[in-house]
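Some notes on the structure that comes next.
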Amino acid sequence: MLQCKIQKKKVVHKTTTTDDKRLQSTLKRIGVNAIPSIEEVNIFKDDVVIRFLNPKVQASVGANTWVVNGSPQTKRADNLDNLRKLAEQFQKQAASECEGVAAATAQEDDDEVPELVAGETFEAAAEKGQKS
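If you count the sequence shown from 1, position 72 lands on 72 in UniProt numbering, and the numbers rise without skipping.
Written as structure tokens, this is what we have:
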């Protein structure tokens, strides 16, 4: 009679839970912080937009690391006309705000500079301004 010994080999399957734990420990080590109240994230790559609705966002500015966790939707950039209109509106609004701030700053600066008359020096004008 022939006898053979059968050995069982224990197979270890890596699960995504293990990967998630390793990722979370790495993120904790670099010091990411949660950023609350993010409604939407759009990542533009080539002609495709990867869109996350209500994602969990974490960031570590010092490590230049951003983590976006959620269910992505991939869309062609051509299909996002509303996003393009919003970007144009934002650019116009930012430009008008910059012009308003520059005008207000210029007006405030003019008030502090004394008016000079021919033959008068800055020091003399400043002394007159202090006496008044």
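Don't be surprised by glycine CBs; every beta carbon is placed ideally from N, CA and C.
Test item: CB-CB of residue i and residue j under 7 Å
i, j, result
"Glu40", "Leu27", "no"
"Asn69", "Lys56", "yes"
C-alpha gap between residue i and residue j, whole angstroms
i, j, result
"Ile30", "Ser60", "7 Å"
"Asn42", "Ser96", "25 Å"
"Gln89", "Val32", "32 Å"
"Val12", "Ser71", "29 Å"
"Lys92", "Leu83", "14 Å"
"Asp47", "Thr74", "10 Å"
"Ala63", "Glu99", "34 Å"
"Thr16", "Gln7", "28 Å"
"Asp19", "Ala94", "42 Å"
Nearest neighbour of residue i, chosen from the options [CA to CA]
i, options, result
"Ala34", "Val67, Val49, Arg22", "Val67"
"Ser37", "Gln58, Lys128, Thr65", "Gln58"
"Asp78", "Gln7, Ile50, Ala94, Glu99", "Ile50"
"Thr65", "Gln7, Thr16, Leu23", "Leu23"
Quiz item: Which whole runs of the alpha helix (DSSP H) in the segment 6-44 are 4 residues long or more, in chain order?
Solution: 16-30
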